[in-house]
Each structure stands twice: as structure tokens, then as C-alpha cells.
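All the letters of the sequence shown, read from the start, carry residue numbers 265 to 676 under this note's numbering.
Backbone N, C-alpha and C fix where the C-beta goes; we use that ideal spot for every residue, glycine too.
Written out below as C-alpha cells is the structure these notes cover.
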Amino acid sequence: MDRLAQPVSVNGRTYARPQHPVVVVCVDGCEPDYITQAIQAGAVPFLTSMLRRGSSLIGDCVVPSFTNPNNLSIVTGAPPSVHGISGNYFLDVLSGKEVMMNDPAYLRAPTLLAAFAQAGARVAVVTAKDKLRTLLGHGLAGICFSAEKADRATVAECGIDEVLALVGRPVPSVYSADLSEFVFAAGVKLMQTRRPDLMYLSTTDYVQHKCAPGTSEANAFYAMMDGYLAQLDAAGATIALTADHGMSPKTDAAGRPQVIFLQAVLDARLGADVARVILPITDPYVVHHGALGSFATVYLPPTDVAAAQAALESLPGVDLVLAREAAARRFELPADRIGDLVVVADHLTVLGTRPALHDLSGLTVPLRSHGGLSEQKVPLLFNRTLRDVPADRRLRNFDVFDLALNHVNPPT
Ligand SMILES: [Zn+2]
Numbered sequence: 265m266d267r268l269a270q271p272v273s274v275n276g277r278t279y280a281r282p283q284h285p286v287v288v289v290c291v292d293g294c295e296p297d298y299i300t301q302a303i304q305a306g307a308v309p310f311l312t313s314m315l316r317r318g319s320s321l322i323g324d325c326v327v328p329s330f331t332n333p334n335n336l337s338i339v340t341g342a343p344p345s346v347h348g349i350s351g352n353y354f355l356d357v358l359s360g361k362e363v364m365m366n367d368p369a370y371l372r373a374p375t376l377l378a379a380f381a382q383a384g385a386r387v388a389v390v391t392a393k394d395k396l397r398t399l400l401g402h403g404l405a406g407i408c409f410s411a412e413k414a415d416r417a418t419v420a421e422c423g424i425d426e427v428l429a430l431v432g433r434p435v436p437s438v439y440s441a442d443l444s445e446f447v448f449a450a451g452v453k454l455m456q457t458r459r460p461d462l463m464y465l466s467t468t469d470y471v472q473h474k475c476a477p478g479t480s481e482a483n484a485f486y487a488m489m490d491g492y493l494a495q496l497d498a499a500g501a502t503i504a505l506t507a508d509h510g511m512s513p514k515t516d517a518a519g520r521p522q523v524i525f526l527q528a529v530l531d532a533r534l535g536a537d538v539a540r541v542i543l544p545i546t547d548p549y550v551v552h553h554g555a556l557g558s559f560a561t562v563y564l565p566p567t568d569v570a571a572a573q574a575a576l577e578s579l580p581g582v583d584l585v586l587a588r589e590a591a592a593r594r595f596e597l598p599a600d601r602i603g604d605l606v607v608v609a610d611h612l613t614v615l616g617t618r619p620a621l622h623d624l625s626g627l628t629v630p631l632r633s634h635g636g637l638s639e640q641k642v643p644l645l646f647n648r649t650l651r652d653v654p655a656d657r658r659l660r661n662f663d664v665f666d667l668a669l670n671h672v673n674p675p676t
């Protein structure tokens, strides 16, 4: 009996079993123009050939266009209203504390990776930063480790050990392009040695936060990636590449960050600390963006919500201010994990709390960041052609497993 016969249903969607290994790659912060420019520069021969014989589409990521909500949407095939991860960070209203949302206790839905493993498929996950590992690997009877802590992977916790020997590289610095290269190198070694049925590779946006599309550093990053993707393709894998979010310059023409300090604005308007601004981009690794992104939520006393909304809507650089229920509907977010207001800044603007709370000394180049609607467009690339995808279907990055498992044509 074929081990891989039955389809797998999870979170209201049904996925066909892979007949060949399927590798889904989430390139963190991959604004589509990074790939366009790398192709134009002749830096990525494999991607160039892959798009000639495969498919290139554009999809929408989840807003807030941040890493955790989107990675979890991709591996659950569902928006944050279903899986519960609405940011990297949120205010636990019961305790009044701001907490990292990297604990699986906050996850409200199973991942499709865990469901496939439970149904007998061999599943492997490699993530750059360790902050995502426990969420992506929740309930997964398979391999799941981070590049950041590759030396500490154990069979009991990660389904694998001796990762450094397998990959043949040292543990990379958390602020480096090497961290993402380790993910790809590990993916290739896993494919060569264990041939998983389903593999998810998730990188970090260290390079994209620093370097614009078409710069030599950005092209070098995509050239690095290109070599590993070619090896996965040569091993017979179906490759599906998407991103958690795009990336935009958040500066004026002189390269100065354009920041709206929301807490300072609301303190002046409503009185000190009447409002509480939460920046869900915040995480332990903020050197490259100073915790500045284009999405914020604000907790307010009920009587102040309307005045705060009016005050924020009129600010230059603000795209959108939505009350809790409207934001939850429009962006498919869990209403109990966002504030009374959701604020989205425009293409060139980021949102902060107070100037003193943002250390921008680590910003050695003009700020680039994400979080808003302007970073919602992401690539959906495949090394195969697709079938039965209507031209008017709104594609999301969290459709990538559906597309890769249910819509790719066999290799020719
Ligand atoms: Zn990201």
C-alpha cells in the first residue's frame, strides 16, 4: 500500500500527497524586485531558467507584513484569525504585560507540516532564527531546527543532531547573510541524505533590511540562494518560493528615517500614558531596524478611541487607522490580540513609540523596513507549471502549499 496515498486535510483545506519531494522556501523580506533585479544583472542563472520553464505569480502576504504572522500563515494555510499569531509581540491584556508570541501556547491551529508528518510523510523544517523554531515545529514528528542554534539540535527536541557535521559549516552569526546560507545548505544536505517528502526553509531578512534590490550585496545574496535552489531542483524536488513580506525604504530623500512616534503624539493629545502603543515588529533582534515598522496597535480607554483615531488619521505618513473589529475583518486578525486601534503607515514611513525608546545607533545604512500594505506583495515562484489556477483568484503567500501540492504539473 502506498504510504503516500491519502490526501491530508487540515484547517479546512485538503492537500494532495507529494509524488516528488516538495520544498517550500520562504525568503524573508523578499520584495519581488530583488528577484527581478538579480535576473536583470545575470546573477541568478537557475532562477532565470526556473521562471522560463516554471511559473511566476504575485501574491498578498498577511498584514501586519511581519515575519511571525506570515510564517505561521504559510505553514497553517490560514490567516492569523485562525492560527492566532498576530505579530511578533503583543499585549497580554490579562497580565498587562507585553509578551513575545513565540510560544506555541499562543498557536490556535495545527500546522500542515505536523498534519503531514502525522499522516506518515517525512517532514523537515529549517529556520534561520531560533525564535520561529518552536512555532513552526509545534506538534511536528519530524526534523525542525534553526541555523542560529544548529549546534544545540538534539534528536529529542529537533528530530536530528550533529547538524554542523551534516552541513559542514560553523554556526553563523545571527546578524549575517550566512545565517540564511546555512538554511539553504542544510536543506540541500537533508535532501541528499534523507529526502523528505515535504521541506520548509525559512530565511532571515538581514540582507533585505540593509540592501535595496539590484545592489551588489543583494544580488550576491540571491546568487548564493540560486546555487542551492539549483541543487534542490537537480535532486528532483518541486520548488515553491515565496516571502513572508516585502521591504521598502523608510526614509526621506536624504536617507533620514521617517518616523511617527505614536506614543508621543497620543501623550500630547490625551495625556501621558493614557494610550498604550504596541509595536508588533519588536523582537530580540532589532539592531537592523530599531523596532521600527509600518504597523502598530494602540490600546485605549473606550472614551478615547474616537479622538485618538481622528488625531492619528490626520497625520502625514499614516495610510490607515482602523478600529479593532474593522481591522480584524479586513486583515483577518484575531480581534483579542490587537489593540483598540490598528495604525498602518505608508510606503516611506515607520511607526515608533517615543524617540528615546528606539536605539537607531545600529542603523549603519538608511532604514528599510516593512509591516504595512506597501510591503504586502510577494513573489510566488515555481520550478513547474501550474494548472487550474484561475486568473482572477486572489493568491496569498499562505496558498503556497496548496499551489505546490495541488496545482503543479509533473516535471517534463
Ligand atoms: Zn520577515
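- Secondary structure within the region 441 to 490: the beta strand (DSSP E) runs of 3 or more consecutive residues, fully enclosed, are 462 to 466 (chain order).
- The region 570 to 580 and the region 528 to 540 touch, with three or more beta-carbon pairs separated by less than 8 Å.
- For A388 and F595, the gap between their C-alpha atoms comes out near 30 Å.
- A570 has its alpha-carbon roughly 44 Å from the corresponding atom of S410.
- Distances from the CA of A609 to each of T375, V452, K514 were compared; the closest alpha carbon is that of K514.
- In the structure shown, S558 adopts coil according to DSSP, grouped into three states.
- The distance from the Cβ of A587 to that of L564 is about 10 Å, inconsistent with a contact at the 8 Å cut-off.
- Residue pairing by DSSP places V664 opposite no residue, since no beta bridge is assigned to it.
- The C-alpha of K474 is placed about 14 Å away from the C-alpha of S625.
- In this structure, P434 and L428 form a Cβ contact; the two beta carbons are roughly 7 Å apart against a cut-off of 8 Å.
- Residues G293, C294, E295, P296, C325, S329, H634, S638, E639, Q640, K641, V642 of the same chain have their beta carbon placed closer than 8 Å to that of G510, with the five preceding and five following residues left out of the count.
- Nearest Cα to D508 within the set I349, F662, L669: F662.
- Ranking S337, V672, A592 by CA distance to the CA of Y464 puts S337 first.
- The region 294 to 350 is shown to contain whole alpha helix (DSSP H) runs of 4 or more residues at 296 to 304, 309 to 317, 331 to 340, 344 to 347, in chain order.
- With respect to P477, Q301 sits close: the two C-beta atoms are nearer than 8 Å.
- Under DSSP, K361 shares a beta bridge with D356.
- According to the DSSP assignment, L377 belongs to the alpha helix (DSSP H) that extends over 376 to 382.
- With respect to the 8 Å criterion, D469 and P309 are not classified as neighbours on the basis of their beta carbons.
- About 45 Å separates the beta carbon of V529 from that of Y492, a gap too long to meet the 8 Å contact definition.
- The set of residues with any CB-heavy atom separation to ligand 1 below 6 Å comprises, in chain order, D292, G293, T331, D469, D508, H509.
- Per the C-alpha coordinates, the member of I424, V438, R372, Y439 positioned closest to A450 is I424.
- The three-state reading of DSSP puts T502 in strand, counting E and B together.
- Excluding five sequence positions before and after T546, the CB atoms of its chain that fall closer than 7 Å to its own CB belong to N352, Y353, A555, given in chain order.
- Contact between F380 and V272 holds: their C-beta atoms lie close to 5 Å from each other, under 8 Å.
- Secondary structure note for R540: its beta strand (DSSP E) is the uninterrupted segment 540 to 542.
- By the CB criterion at 8 Å, V286 and T502 fall inside the cutoff.
- Contiguous beta strand (DSSP E) elements confined to the region 378 to 433 occur at 387 to 391, 407 to 410, taking only those with 3 or more residues.
- Between T613 and I542, the gap from beta carbon to beta carbon reaches 8 Å or more.
- About 15 Å separates the Cβ atoms of T391 and T340, ruling out a contact at the 8 Å cut-off.
- Close CB contacts of A383 within its chain, under the 6 Å cut and outside five residues either way in sequence, are with V272 (chain order).
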